[in-house]
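Visitor: First to last, the protein sequences are chains E and P.
Residue 210 is where the first sequence ends in the working numbering, and the numbering goes up by one at each step.
Residue 637 is where the second sequence ends in the working numbering, and the numbering goes up by one at each step.
Beta carbons are placed, not taken as given, at the ideal position from N, Cα and C, and that holds for glycine.
Take this structure, written in structure tokens, and hold onto it; I'll ask about it next.
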Amino acid sequence: MTWYTLFFLISLLICLANLTYHLIFLLKSGNTPDYAPPSGSIPSGIQYSFTGAMSPVKKESAFLHLPTYTAGIIYHLGTFLSVFLIFFMLADVIFPPALSWGLASFLLVSALCGIGILVKRMIKKGLRELSNPDDYISNILVTAFQILMGLALVVSNIFTPWLFLAAGLLLLYIPLGKLKHLLYFFAARWQLGIFYGRRGVWPPFKNQKT
Amino acid sequence: MEKTVIDKGLKVFENGGGAKLITHLNSCVHCGLCAESCIYYKATGDDRFTPARKVDLVASVYRRYYTFAGKYMPALVSARDLNEDTANEMVDLLFGACTMCGRCTMHCSIGVDIAYLVKMGRTLLSEMGMVPASLQSTVKAAVETGNNMGIPTQEFVDTIKWMEDELADELNTKEAQIPIDVKGKKVMYTLNPREPKFFPLSISAMAKIFYAAGESWTLSSNMYDITNYAYFSGNMDEARLIAKRMWDEMDKLGTSTLVLAECGHGSRALRWESPNYLKQAFPFKVKTSVEIIADYLREGKIKLDKEKFKEAVTLHDPCNLVRSGGICMEQRYILNEFIEDFREMTPHGIDNYCCGGGGGQLAMSEYNERRMKTAEVKADQIRKTGAKIVVSPCHNCVDQLTQINFSFKLNLQVKTMAELVADAIIL
């Protein structure tokens, strides 16, 4: 085992332990009991929260900002792909050149999306005022991870140590700032589904017939 | 600012929010895509009004005292001390620039319940004694006199008797009554105090509907106020006290169904929040007046004249009733029963824009100018429908719409649902 894979594995362990702590804390906190009788279905509300309500057709934050929304989706796909691939790297799996170049090309696009989002944050006054160092660091770490993954795929020997170093730093950073939305995103949509489902708001109009 | 005051505020993060509070405090990613969903941002273009900024004010205080990064590296995550500057900014943005309409919540890219966090922020400020004076005086009036306008009981009873005489004259029968404090009736009907104070005809409108439907009903002279402005001030003790009075009155009069007058936040506070204030399930049925009118129509208990209104009618959806209460199609069912030319606003239903009067804004004169600036959004929506009548099942919305009508010279009639239905009822 190399020093950089060891660093990565230790970082992974620390990250998982931290996120597990957050998850257990959330589960232990529980939901406060709601004594008001429901007028809708909580399961349907939760289902809609993760599906229809996320649709760019329904969500104003998406359809009014289609370039940003699309860039965000691609950027996230690039992150998921990089996380998936790093375990292949860890196992010294070597991909056929065509596949490596294909994956690296996609990661180049997703990293460019990340850079675009970062630039937008820097140049738009409203967004800049809303931002803190965590917003920039989070983006830079994730984007660097994707770029290095792409480079490691096609120029393996040189960039592999840097990739594991960047991945390790990213993992160590996740519990500190907004990147922990990888856990809280699901919790938030779950909670919103409970709220709107119980009140018969989501799915829209289901419980109200003319 | 004294430490004891700060500690009182911070208790909000420790008491009772559970997983929901922790989740939403940790979820915002500062994408800022919520901006256009807010009427304050939409009307002014001021970045300060972006909903994410309001979330961040509350969450930054939480981070400072309850997270590792916030405690040891506050600059990294913009964690803020709860001090006078932070609290004053919170008052301005959470009370003065948010109607808690929840439109941003529905469209948040992550799913942060922004309106809920604003409410928690208001509760924090309430614990610190920083509720705007005008809003607090409305709550105080309700707590001390039993209704938010401080109407003396005798004045209320006299108004009701006057309306009863008017109704009997209009319908030419002494059987059309407005019963007060009659025990053992099926329904206890509530009112928004603006009705007996300024718009008593809306009371007789609903009385006419009850008469036509043959309903067994009564008003209470002791506790008729459906509003609960403590929900907006964030003072849960006062909200609980106001709600409990209504529950106690139902018990005292022995009525089985509480019918909520046309008041968005009052309906929400009673239907959805009061069981949680009191930590028990309802011992009686609760219905909004929109639901009960729709029931009467479905059951054939009332008939409406389809020829009565030839003008175009549009509907304003009250946020608390629709987006936070799930009552979206009942009002449309009613209107489609007798309005020939019903025109929807764009957007409408659960996506409708707030009129600008919610969240206690109408009670907070400090922010009148800002409130009427946000009203541009609603004025524009109404104007585009070309309607001559705008109906809304919420007295607060009707107040704001009336001001919009005047300020933006829309030249239309503003009515409650009961008023519109009563005008078309066939007896």
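Secondary structure at Phe-159/E, three-state DSSP: helix, strand or coil?
Guide: In the first sequence, the residue the question calls residue 159/E occupies position 159. It is helical.
Visitor: What residue from Arg-198/E, Phe-186/E, Leu-153/E has the CA that sits closest to Met-54/E's CA?
Guide: By one-based count along the first sequence, residue 54/E stands at place 54. When each option's Cα is compared against that of Met-54/E, the closest is Phe-186/E.
Visitor: Taking Cβ to Cβ, would you say Ile-537/P is nearer than 9 Å to Glu-501/P?
Guide: Position 327 of the second sequence holds residue 537/P. Position 291 of the second sequence holds residue 501/P. Contact flag set, yes.
Visitor: If you measure from the beta carbon of Phe-205/E to each beta carbon in chain P, is any gap under 9 Å?
Guide: Reading the first sequence from its first residue, position 205 is the one you call residue 205/E. Yes, Phe-205/E counts as interfacial toward chain P.
Visitor: Helix, strand or coil for Val-322/P, going by three-state DSSP, please let me know.
Guide: As a working mapping, residue 322/P is identified with position 112 in the second sequence. Note: Val-322/P maps to coil in three-state DSSP.
Visitor: I need the DSSP call for Val-397/P, collapsed to helix, strand or coil.
Guide: Residue numbering aside, residue 397/P sits at position 187 when the second sequence is read from its first letter. It is a strand residue.
Visitor: Output, in chain order, the set of chain E residues within a Cβ distance shorter than 8 Å of Cys-308/P.
Guide: For the purposes of this step, residue 308/P is taken as the residue at position 98 of the second sequence. None at all; the shortest Cβ gap to chain E is about 16 Å.
Visitor: Counting along the chain, where does the alpha helix (DSSP H) carrying Ile-140/E start and finish?
Guide: Position 140 of the first sequence, counting from 1, holds the residue named residue 140/E. Segment 133-154, the alpha helix (DSSP H) holding Ile-140/E.
Visitor: For a test of the three-state rule: what should DSSP assign to Val-600/P, helix, strand or coil?
Guide: Along the second sequence, read from residue 1 onward, the residue named residue 600/P stands at position 390. Three-state result, Val-600/P: strand.
Visitor: I need the DSSP call for Leu-201/E, collapsed to helix, strand or coil.
Guide: Here the question's residue 201/E lines up with position 201 in the first sequence. In the sequence as displayed, the identity of residue 201/E is Val instead of Leu. Looking at Val-201/E - three-state DSSP - the assignment turns out to be coil, as it is neither helix nor strand.
Visitor: State yes or no: is the beta carbon of Ser-44/E nearer than 9 Å to at least one beta carbon in chain P?
Guide: Along the first sequence, read from residue 1 onward, the residue named residue 44/E stands at position 44. Chain P contact via Cβ: absent.
Visitor: Mapping DSSP to helix, strand and coil, what is Leu-286/P?
Guide: Position 76 of the second sequence, counting from 1, holds the residue named residue 286/P. Residue state, collapsed to three classes: coil.
Visitor: What first and last residue would you give for the alpha helix (DSSP H) that runs through Gln-623/P?
Guide: Position 413 of the second sequence, counting from 1, holds the residue named residue 623/P. Unbroken run through Gln-623/P is the beta strand (DSSP E), 623-625; no alpha helix (DSSP H).
Visitor: Near Leu-103/E, what residues of its chain come up, given a Cβ to Cβ distance below 6 Å and the 5 sequence neighbours on each side ignored?
Guide: To locate residue 103/E, count along the first sequence from 1; it is residue 103. Taken in chain order, the residues that qualify are Leu-153.
Visitor: Hey, would you say Gly-569/P sits closer than 9 Å to Cys-308/P, going by beta carbons?
Guide: Counting from 1 along the second sequence, the entry for residue 569/P is found at position 359. Counting from 1 along the second sequence, the entry for residue 308/P is found at position 98. Yes.
Visitor: Verify the CB distance criterion: does Met-446/P have a CB-CB separation below 9 Å to chain E?
Guide: Sequence index remark: in the second sequence, residue 446/P carries index 236 (1-based). Answer no: the Cβ-Cβ gap between Met-446/P and chain E never drops below 9 Å.
Visitor: Nearest to Phe-442/P by alpha carbon, out of Lys-588/P, Ala-585/P, Ala-325/P, Tyr-434/P?
Guide: Here residue 442/P corresponds to residue number 232 of the second sequence, with the count starting at 1. For the residues Lys-588/P, Ala-585/P, Ala-325/P, Tyr-434/P, the minimum Cα distance to Phe-442/P belongs to Ala-325/P.
Visitor: Kindly indicate which three-state DSSP category Asp-435/P falls into: helix, strand or coil?
Guide: Your numbering for residue 435/P matches position 225 in the second sequence. If DSSP states are grouped into helix, strand and coil, Asp-435/P belongs with the strands.
Visitor: Three-state secondary structure (DSSP) at Thr-214/P?
Guide: The residue you call residue 214/P lines up with position 4 of the second sequence. Of the three classes helix, strand and coil, the one that applies to Thr-214/P here is helix, per DSSP.
Visitor: For Ser-617/P, is the classification buried or exposed, using 16 other Cβ atoms within 10 angstroms of its Cβ as the cut-off for buried?
Guide: Against the second sequence, residue 617/P aligns to sequence position 407. It counts as exposed.
Visitor: What are the boundary residues of the beta strand (DSSP E) that Thr-498/P is part of?
Guide: Translated into the one-based positions of the second sequence, residue 498/P becomes position 288. From DSSP, the beta strand (DSSP E) with Thr-498/P extends over 495-498.
Visitor: If you pair each beta-carbon of the segment 138-154 of chain E with each one of the segment 110-119 of chain E, do three or more pairs fall below 8 Å?
Guide: The segment 138-154 of chain E vs the segment 110-119 of chain E: in contact.
Visitor: CA-CA distance, Leu-572/P and Ser-319/P?
Guide: As a first step, residue 572/P is located in the second sequence; it is residue number 362 there, counting from the start. As a first step, residue 319/P is located in the second sequence; it is residue number 109 there, counting from the start. Spanning the two alpha carbons is a distance of roughly 30 Å.
Visitor: Strictly under 9 Å for the Cβ-Cβ distance: is Phe-80/E near chain P by that measure?
Guide: Mapped onto the first sequence, residue 80/E falls at position 80. Chain P contact via Cβ: absent.
Visitor: Got a sec: is the Cβ-Cβ distance from Leu-16/E to anything in chain P below 9 Å?
Guide: Looking up residue 16/E in the first sequence gives position 16. No, no contact with chain P.
Visitor: Comparing the C-beta of Pro-493/P with each C-beta of chain E, is any distance below 9 Å?
Guide: Within the second sequence, numbered from 1, the residue matching residue 493/P stands at position 283. No - not a single Cβ of chain E is within 9 Å of the one on Pro-493/P.
Visitor: In whole angstroms, what separates the C-alpha of Gly-510/P from that of Glu-547/P?
Guide: Position 300 of the second sequence, counting from 1, holds the residue named residue 510/P. Position 337 of the second sequence, counting from 1, holds the residue named residue 547/P. Cα-Cα distance, rounded: 12 Å.
Visitor: What is the rounded straight-line gap between the Cα of Asn-207/E and the Cα of Glu-540/P?
Guide: As a working note, residue 207/E is residue 207 in the first sequence. As a working note, residue 540/P is residue 330 in the second sequence. At Asn-207/E the pLDDT is 41, less than 50, meaning the model places this residue with poor confidence; the figure from the coordinates comes in the next sentence. Those two C-alpha atoms are separated by around 10 Å.
Visitor: Looking at the strands, I want to know which residues DSSP matches up with Phe-552/P.
Guide: Translated into the one-based positions of the second sequence, residue 552/P becomes position 342. Answer by DSSP bridge pairing, in chain order: Val-523/P.
Visitor: Rounded to a whole number of angstroms, what is the C-alpha to C-alpha distance between Ala-597/P and Leu-26/E?
Guide: As a first step, residue 597/P must be located in the second sequence, where it is residue number 387. As a first step, residue 26/E must be located in the first sequence, where it is residue number 26. Each residue's Cα considered, the two are about 49 Å apart.
Visitor: How many Å lie between Ala-449/P and Ile-86/E at the Cα?
Guide: Taking the first residue of the second sequence as position 1, residue 449/P is located at position 239. Taking the first residue of the first sequence as position 1, residue 86/E is located at position 86. About 54 Å.
Visitor: Just to check my reading of the structure: Phe-50/E and Arg-189/E have Cβ atoms closer than 8 Å, yes? What is that Cβ distance to the nearest angstrom?
Guide: Against the first sequence, residue 50/E aligns to sequence position 50. Against the first sequence, residue 189/E aligns to sequence position 189. Confirmed, Cβ separation roughly 6 Å.
Visitor: How would you call Met-416/P, buried or exposed, if buried means at least 16 neighbouring beta carbons within 10 angstroms?
Guide: On the second sequence, position 206 is the one that residue 416/P refers to. So Met-416/P counts as buried.
Visitor: By Cβ distance below 6 Å, which residues in the same chain neighbour Phe-519/P in space, the five residues on each side in sequence not counted?
Guide: Reading the second sequence from its first residue, position 309 is the one you call residue 519/P. Correct list, in chain order: Ile-549.
Visitor: With DSSP collapsed to three states, give me the class of Thr-51/E.
Guide: Numbered from 1 along the first sequence, position 51 holds the residue referred to as residue 51/E. In this structure, Thr-51/E counts as coil in the three-state DSSP scheme.
Visitor: Kindly list the residues whose CB is nearer than 6 Å to the CB of Arg-273/P, restricted to its own chain and excluding five residues on each side of it in sequence; keep chain order.
Guide: Your numbering for residue 273/P matches position 63 in the second sequence. So the list reads Gly-280, Val-287, Ala-289, once near-sequence residues are dropped.
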